[in-house]
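Trainee: Numbering (this note's numbering), first residue to last: 134 to 508.
Each residue gets a CB set at the ideal place from its N, CA and C atoms; glycine is no exception.
For reference, the structure I am asking about is given below.
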């Protein structure tokens, strides 16, 4: 082998292997310190793409699982409220059965007083049961109210009982009967024929005053232009069923609908109103037996539907948990580092780097042998 000083082939070869082994050792260090086999797209382009898609799917599945859990909690809350109402309706039916007997005719006043209190409690539960601001039992979930086109000074919102059935609408008329300095308004139910009057103070410019027509189930917002208001139609449209996204993709199979448009107030269940009246006579008590029976059938049927929905959401959540587990395992099989194998690879590369460094020194030293020719 020729002795040269211009080119040290042995040193070049040793340096090439040293650089390669150093890069491999650094890659092993990165994998060992991060725990991932794939840290960059360049580590495994195909694996990186697949793992990224699976990871995004996993995040969507987790969000869907949270949606299903929250939907289940909301339905459970609604069902619990209906359960309490059902217990009170059962008690009303018991009172009516007692009152329908001639031997209890002298106690009708006491029985009716308890009946009235129970109906008041039913109204409170139906009005106050809500989940994250969504009313569950008064029929107003998703319902909207609108004032006639061109109206000035007002806007309407659904707040309490009385929303119509899904897909239906209910008509009201809002009239201004202002006299003197007072702003008097009458809201009329054009279907039931009932009405409620309120007096509204004119708010300052830029402000609004919210006035509740409690018995009508609406709130009206009045602004500084209240004096210019003329009679307008107010239409309440029931909301559609509540949609819950319980899947990773946007399609109909990943949506669960829960209907919360039913009114569980005493009037909504047919327990109160001008047609029924009080339970002052044996005949009225007998009428209450039938009315309470109808209300109970409605409550039991709706509770059964909500129970089925809870079970549906429970199975969906269990399936989502399995999907999350499998997707996570798939990402792990692609991205995660085999720590034992990587440690073995690191040790090998570390030894090769040390050997390469030593051999590079030896190759550089070999060129010094040329000097011995000049002695």
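Can you list, in chain order, the residues of its chain whose CB lies under 6 Å from that of residue 418, leaving out five sequence neighbours each side?
Mentor: To locate residue 418, count along the chain shown from 1; it is residue 285. So the list reads 229, 232, 233 and 412, once near-sequence residues are dropped.
Trainee: Rounding to the nearest angstrom, what Cα-Cα distance links residue 194 and residue 381 in this structure?
Mentor: If you number the chain shown from 1, residue 194 lands on position 61. If you number the chain shown from 1, residue 381 lands on position 248. Residue 194 and residue 381: Cα-Cα distance of roughly 5 Å.
Trainee: Between residue 447 and residue 205, how many whole angstroms is the CB-CB distance? I'm expecting something under 8 Å.
Mentor: Translated into positions along the chain shown, residue 447 becomes position 314. Translated into positions along the chain shown, residue 205 becomes position 72. Indeed, because the Cβ distance is near 7 Å, the residues count as touching under 8 Å.
Trainee: At what residues does the alpha helix (DSSP H) containing residue 322 begin and finish?
Mentor: Here residue 322 refers to the residue found at position 189 when the chain shown is read from its first residue. Here residue 322 belongs to no alpha helix (DSSP H); instead the beta strand (DSSP E) covers 316–322.
Trainee: What are the partner residues of residue 396, as DSSP defines its beta bridges?
Mentor: Locating residue 396 in the chain shown gives position 263, where the first residue counts as 1. Looking at the DSSP assignment, residue 396 forms a beta bridge with 271.
Trainee: Flag this pair as touching only if the segment 415–435 and the segment 213–224 have three or more C-beta atom pairs under 8 Å; answer yes or no.
Mentor: These segments touch.
Trainee: State the beta-bridge partners of residue 169 as determined by DSSP.
Mentor: Locating residue 169 in the chain shown gives position 36, counting from the first residue. DSSP lists 469 as partners of residue 169.
Trainee: My output table needs one value for residue 333: the three-state DSSP class, helix, strand or coil.
Mentor: As a first step, residue 333 must be located in the chain shown, where it is residue number 200. Residue state, collapsed to three classes: strand.
Trainee: Rounded to a whole number of angstroms, what is the C-alpha to C-alpha distance between residue 338 and residue 353?
Mentor: By one-based count along the chain shown, residue 338 stands at place 205. By one-based count along the chain shown, residue 353 stands at place 220. Going from the Cα of residue 338 to the Cα of residue 353 covers about 17 Å.
Trainee: Could you spell out the range, first to last residue, of the alpha helix (DSSP H) harbouring residue 138?
Mentor: Here residue 138 is taken as the residue at index 5 of the chain shown, counted from 1. First-last for residue 138: undefined, no H or E at that position.
Trainee: Based on DSSP bridge pairs, tell me the residues matched to residue 528.
Mentor: Nothing can be reported for residue 528: it is not among the residues displayed for the chain, which extend from 134 to 508.
Trainee: Kindly list the residues whose CB is nearer than 7 Å to the CB of residue 429, restricted to its own chain and excluding five residues on each side of it in sequence; keep chain order.
Mentor: Within the chain shown, numbered from 1, the residue matching residue 429 stands at position 296. The residues are 219, 222, 223 and 226.
Trainee: Residues bridged to residue 219 by DSSP?
Mentor: By 1-based counting over the chain shown, the position of residue 219 is 86. Note: residue 219 sits in no beta bridge, so no partner.
Trainee: What did DSSP end up calling residue 391 once you bin it into helix, strand or coil?
Mentor: Indexing the chain shown from 1 puts residue 391 at position 258. Strand at residue 391.
Trainee: Looking only at C-alpha atoms, which of 470, 481, 501 and 475 sits nearest to residue 168?
Mentor: As a position in the chain shown, residue 168 is number 35, starting the count at 1. The candidate whose alpha carbon is nearest that of residue 168 is 470.
Trainee: Comparing alpha-carbon positions, which option in 502, 496 and 505 lies nearest residue 145?
Mentor: Walking along the chain shown from the start, residue 145 turns up at place 12. Of the listed residues, the one whose Cα sits closest to residue 145 is 496.
Trainee: Let me know if residue 441 comes out buried or exposed under the rule of 16 or more other beta-carbons within 10 Å of its beta-carbon.
Mentor: As a working mapping, residue 441 is identified with position 308 in the chain shown. Result: exposed.
Trainee: So, does the segment 252–269 touch the segment 388–402, judging by three or more C-beta pairs under 8 Å?
Mentor: In short, these stretches touch, since the Cβ pair count reaches three.
Trainee: Three-state secondary structure (DSSP) at residue 376?
Mentor: Within the chain shown, the letter at position 243 stands for residue 376. DSSP places residue 376 in strand when its eight states are reduced to three.
Trainee: Once the 5 residues before and after residue 499 are set aside, which same chain residues still bring their CB inside 7 Å of it?
Mentor: Residue mapping note: residue 499 aligns to position 366 of the chain shown, counting from 1. Only 143 meet the Cβ criterion.
Trainee: Check each candidate in 507, 467 and 185 and name the one with the smallest Cα separation from residue 76.
Mentor: What is shown of the chain runs 134 to 508, which leaves residue 76 out entirely.
Trainee: According to DSSP, residue 328 sits in a beta bridge with which residue or residues?
Mentor: Counting from one through the chain shown, the residue named residue 328 turns up at place 195. The partner list for residue 328 (beta bridge, DSSP) reads 321.
Trainee: My understanding is that residue 215 touches residue 393, with C-beta atoms under 8 Å, so please give their C-beta distance in whole angstroms.
Mentor: On the chain shown, position 82 is the one that residue 215 refers to. On the chain shown, position 260 is the one that residue 393 refers to. Actually they do not touch by this definition, with Cβ atoms about 11 Å apart.
Trainee: Buried or exposed: which applies to residue 270, given that a residue is buried once 16 or more other Cβ atoms fall within 10 Å of its Cβ?
Mentor: Working through the chain shown from its first residue, we reach residue 270 at position 137. Label assigned to residue 270: buried.
Trainee: Going by C-alpha distance, which of 464, 453, 474 and 342 is nearest residue 182?
Mentor: To locate residue 182, count along the chain shown from 1; it is residue 49. When each option's Cα is compared against that of residue 182, the closest is 464.
Trainee: Indicate the three-state DSSP secondary structure (helix, strand or coil) for residue 509 in the structure shown.
Mentor: Lying outside 134 to 508, the shown extent of the chain, residue 509 is not represented and no answer is given.
Trainee: Would you call the CB atoms of residue 191 and residue 461 closer than 8 Å?
Mentor: Taking the chain shown and counting its residues from 1, the one referred to as residue 191 is at position 58. Taking the chain shown and counting its residues from 1, the one referred to as residue 461 is at position 328. Yes, they are a contact pair.
Trainee: Please go through the same chain and pick out, in chain order, the residues whose beta-carbon is closer than 7 Å to the beta-carbon of residue 202, but skip the five residues on each side of it.
Mentor: Residue mapping note: residue 202 aligns to position 69 of the chain shown, counting from 1. Only 450 meet the Cβ criterion.
Trainee: Between residue 475 and residue 161, which are expected to be in contact by the criterion C-beta below 8 Å, what is the C-beta distance as a whole number of angstroms?
Mentor: Your numbering for residue 475 matches position 342 in the chain shown. Your numbering for residue 161 matches position 28 in the chain shown. Between residue 161 and residue 475 the Cβ distance is about 5 Å, and since that is below 8 Å, they are a contact.
Trainee: Decide if residue 484 is buried, meaning its Cβ has at least 16 other Cβ atoms within 10 Å, or exposed.
Mentor: Position 351 of the chain shown, counted from the first residue, corresponds to residue 484. Residue 484 comes out exposed.
Trainee: Determine the burial state of residue 261: buried for a count of at least 16 other Cβ atoms within 10 Å of its Cβ, exposed for fewer.
Mentor: Residue 261 sits at position 128 when you count from the first residue of the chain shown. Classification for residue 261: exposed.
Trainee: Identify whether residue 491 lies in helix, strand or coil by the three-state DSSP scheme.
Mentor: Indexing the chain shown from 1 puts residue 491 at position 358. Residue 491: helix per DSSP, three-state reduction.
Trainee: Comparing alpha-carbon positions, which option in 177, 200 and 359 lies nearest residue 388?
Mentor: Locating residue 388 in the chain shown gives position 255, where the first residue counts as 1. The shortest C-alpha separation from residue 388 is found at 200.
Trainee: For residue 155, which residues of its own chain have a beta-carbon under 6 Å away from its beta-carbon, when the five flanking residues on both sides are left out?
Mentor: Numbered from its first residue, the chain shown carries residue 155 at position 22. The answer, listed in chain order, is 486.
Trainee: Using the beta-carbon count (16 or more within 10 Å), is residue 293 buried or exposed?
Mentor: Mapped onto the chain shown, residue 293 falls at position 160. Any answer about residue 293 is weak, because its pLDDT of 43 lies below 50 and its placement is not dependable; what the coordinates show is given next. By the 10 Å Cβ count, residue 293 comes out buried.
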